[in-house]
Amino acid sequence: MKSPVHRCRDVEHGRGRSGSGSDVITSSSASAMWFIRDACGIICAVITWLLVFYAEFVVLFVMLLPSKNLTYSIVNGTLFNTLAFLALASHLRAMCTDPGAVPKGNATKEYIESLQLKPGQVVYKCPKCCSIKPDRAHHCSVCKRCIRKMDHHCPWVNNCVGENNQKYFVLFTMYIALISLHALIMVVFHFLYCFEDDWTKCSSFSPPATVILLILLCFEGLLFLIFTSVMFGTQVHSICTDETGIERLKGETGKWGKVPCWEAMEAAFGGRFSLSWCSPFSGLSCRRTPPDLVTVPQGEIIEEDVIEIPLS
Numbered sequence: 128m129k130s131p132v133h134r135c136r137d138v139e140h141g142r143g144r145s146g147s148g149s150d151v152i153t154s155s156s157a158s159a160m161w162f163i164r165d166a167c168g169i170i171c172a173v174i175t176w177l178l179v180f181y182a183e184f185v186v187l188f189v190m191l192l193p194s195k196n197l198t199y200s201i202v203n204g205t206l207f208n209t210l211a212f213l214a215l216a217s218h219l220r221a222m223c224t225d226p227g228a229v230p231k232g233n234a235t236k237e238y239i240e241s242l243q244l245k246p247g248q249v250v251y252k253c254p255k256c257c258s259i260k261p262d263r264a265h266h267c268s269v270c271k272r273c274i275r276k277m278d279h280h281c282p283w284v285n286n287c288v289g290e291n292n293q294k295y296f297v298l299f300t301m302y303i304a305l306i307s308l309h310a311l312i313m314v315v316f317h318f319l320y321c322f323e324d325d326w327t328k329c330s331s332f333s334p335p336a337t338v339i340l341l342i343l344l345c346f347e348g349l350l351f352l353i354f355t356s357v358m359f360g361t362q363v364h365s366i367c368t369d370e371t372g373i374e375r376l377k378g379e380t381g382k383w384g385k386v387p388c389w390e391a392m393e394a395a396f397g398g399r400f401s402l403s404w405c406s407p408f409s410g411l412s413c414r415r416t417p418p419d420l421v422t423v424p425q426g427e428i429i430e431e432d433v434i435e436i437p438l439s
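Residue numbers (the numbering used here): 128 to 439.
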């Protein structure tokens, strides 16, 4: 049986996928796919997609296609489908992007020496994943990794929200809130239209089925509008204050030099303000680049959880 240290290294390099029982599918390349094999998270992610597809079904087949106003149907159909596509694309990138995982099994004397730290400095080892924890990194019990600037683990995206994928999570909450608001507005107008006209002519479904479908969509839209709006505001506030949710919860704020709000937004969204801030496809490339291999330092894992660099 392999030791925990060897299993850590196998997961990090993708060598232990078949028999190590790892919970993360990843590799040494920074651009490689990242996927958490967590049953609860996978179910929540599938439910998220099914709820969006349900909204698509009701909007298209109950409200827009039966409408006599062609311009109304085209404009609202195009807008709703565009926002839904961007929401699902943001969800996919938030789920399949490495949130900032620290390499496992690097808590060795050789690795610490390679950091060239000053005498008297203190570094901390995570006892769960055998890694040297950078500042502002926290261990996730679901991902079984230390995550840089971890805000929280979100089952709806089956991933942690951290340094590398916070932008996509923010976009996901924003676009879900927008399609929820748009769906609610269309439901209100459709109800008014059906009350004024004959119910048998305002939908291709029977009046009872139409009412049930619209009420369910209204409930779903209202629920997710409130939930995602709160999450969107919380995430933007975290970025602007340069504080993660875990840091506020543990009272760790103020232990580092905070950056101004706009600089923090530019760092989170990948550069100066532009339309790419709203795109979940920024950073994607069709070109294949050689994998950026990460060398895990060989050597015995240090037993101490707090390591002080000795004075010369």
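Note that beta-carbon positions come from the ideal geometry of N, C-alpha and C, so glycine has one too.
- Query: If we call anything under 9 Å between Cβ atoms a contact, is C287 one with I306?
  - Reply: no
- Distance between I170 and Y302 (C-alpha atoms, nearest Å): 21 Å
- Could you give the DSSP three-state label for T235: helix, strand or coil? strand
- Query: Between the Cα of F184 and the Cα atoms of A172, V202, F207, which residue gives the shortest distance?
  - Reply: F207
- First and last residue of the beta strand (DSSP E) that includes A264? 264 to 267
- Item | Candidates H266, P246, Q243, of which the one nearest K252 by Cα | H266
- Residues bridged to N286 (per DSSP): C281
- Beta carbon of A394 nearer than 9 Å to that of C367: no
- Query: Contact between the stretch 240 to 256 and the stretch 218 to 225: three or more CB pairs below 8 Å?
  - Reply: no
- Over what stretch of residues does the alpha helix (DSSP H) that includes I303 continue unbroken? 293 to 323
- Message: With a threshold of 6 Å on Cβ separation, who are the neighbours of G348 within its own chain once the five nearest residues in sequence on each side are excluded?
- Response: S307, A310, L311
- Query: According to DSSP, which residues form a beta bridge with R272?
  - Reply: C267
- Task: For K231, count neighbouring Cβ atoms within 10 angstroms of its own Cβ and tell me buried if that reaches 16, exposed if not.
- Result: buried
- Got a sec, what are the start and stop residues for the beta strand (DSSP E) S258 sits in? 258 to 260
- For K195, is the beta carbon positioned less than 8 Å from some heavy atom of the ligand SAH? With respect to small molecules bound, the structure shown includes none, and the ligand SAH cannot be examined in it.
- For the alpha helix (DSSP H) containing E393, list its first residue and its last residue. 388 to 396
- Query: Which of helix, strand or coil does DSSP assign to I428?
  - Reply: strand
- Message: Comparing C-alpha positions only, which one of C321, I428, Q293 sits nearest to C405?
- Response: Q293
- Task: For P387, collect the residues of the same chain with a Cβ closer than 8 Å to its Cβ; drop the 5 residues on either side in sequence, then sort them by chain order.
- Result: none
- Task: Sort P226, H279, A214 by Cα distance to F162 and report the nearest one.
- Result: P226
- Inter-residue Cα distance where the pair is M358 and G378: 20 Å
- Query: How about the stretch 188 to 202 and the stretch 328 to 337: do they share at least three Cβ pairs that are nearer than 8 Å?
  - Reply: yes
- Message: Whole angstroms are fine: how far does the CA of L177 sit from the CA of K271?
- Response: 28 Å
- Message: Based on DSSP bridge pairs, tell me the residues matched to A228.
- Response: I274
- Item | For Q362, the three-state DSSP class (helix, strand or coil) | helix
- Message: In whole angstroms, give me the CA-to-CA distance for L343 and H218.
- Response: 23 Å
- Query: Roughly how many whole angstroms lie between the Cα atoms of V297 and E427?
  - Reply: 40 Å
- Query: First and last residue of the alpha helix (DSSP H) that includes R220?
  - Reply: 197 to 223
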